[in-house]
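Participant: Numbering-wise, my numbering comes out as the position in the sequence shown, counting from 1, plus 21.
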Amino acid sequence: MLQTSTLQTDKGDAAIVVDSTAVSPFVVVCEHAGVAIPAALGNLGLSETELQSHIAWDPGAAPVAEMLAKTLKGTLVKQRYSRLVYDCNRPPSSDEAMRQLSESTKIPGNYDLSGEEKHWRTENIYNAFHKAIGEQLDRRPDPVMVTVHSFTPVYNRIERAVDIGVLHDTDSRLADAMLSELVFDDDILVRRNEPYGPRDGVTHTLVKHGEKRPILNVMIEIKNTLIADDNSQRQYADQLAKTVKIAVNKISTTD
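#1: Please list the segments of the alpha helix (DSSP H) lying wholly inside the segment 212-259, counting only runs of 4 or more residues, in order along the chain.
#2: Can you give, in chain order, each stretch of the alpha helix (DSSP H) that sits fully within the segment 107-161 and has at least 4 residues?
#3: Within 10 Å of its beta-carbon, does Y107 have 16 or more other beta-carbons around it, so buried, or fewer, so exposed?
#4: Excluding the five sequence neighbours on either side, which residues of its own chain have a C-beta within less than 8 Å of the C-beta of S26, listed in chain order?
#5: Use the C-beta contact count for R220: other C-beta atoms within 10 angstroms, 16 or more gives buried, fewer gives exposed.
#6: For R234, which of A196, P112, G33 and M166 has the nearest alpha-carbon?
#7: Can you grab the Cα-Cα spacing for the pair L134 / N252, in whole Å?
#8: Please name the residue in A83, V44 and A36 whose C-alpha comes closest to that of R160.
#9: I need the straight-line Cα distance from N145 to G63, nearest angstrom please.
#10: Compare the beta carbon distance of I37 and R101 with 7 Å and say whether it is the shorter of the two.
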């Protein structure tokens, strides 16, 4: 058990906010952007290979989110710390917030956490991150929130039959409009609420910020092998930006 006095976000603030004074309505969020771990937590008992794998972050998601926010002339809020320290797309009440098992990998550094340790992570990583999101949304009269994630093509040895997921919770307005406009090459399969959906608890950020206000919100999941280099990241960011803008305009003209 660690003394909480030794814990600190020594790699920097949990939330990295890019273009904080942007005036467009768009706030792009990337909950699983980073791989940093507070020094006091060591390596959580994991190898460097494990800490760079998809269990620790969403490979390719941060560059796509950055390009998307820039194209939309919006603000990006991305998480600095690894999802294994705290998964900011889960509420504090969830066992997956500080998970002990990710896919088939045990996370020894998350075993037997004291109440103080859990509170420290919740306050300094989860609450700090979501405070930054809330501040950006609240400074806009009609904000639109887009969260960006990537997923592994094979999970628990099962191949996923989807390339891009457009996810929503009970408010499907933006997802509906995007799905009617989103066009990629014929071999790119786009589906609603896949490979995850509300049933899996992955829409926490959408519900916490998007449906609470309520504002237009959507979550994008991209197969990580599709966004493994600069060119592909730019390609998908550009297409998503185009689709988001068309979708928002479509909704605004029908309201």
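Beta carbons are placed, not taken as given, at the ideal position from N, Cα and C, and that holds for glycine.
Quantities reported herein were computed from a predicted structural model and do not represent experimental measurements.
Facilitator: In short, the structure shows the following:
#1: none
#2: 136-142 and 149-159
#3: buried
#4: Its pLDDT being 44, under 50, S26 is placed unreliably in this model, and the value from its coordinates should be taken loosely. The answer is none, since no qualifying residue turns up.
#5: exposed
#6: Looking at the Cα atoms, M166 is the closest of the given residues.
#7: 42 Å
#8: V44
#9: 17 Å
#10: yes
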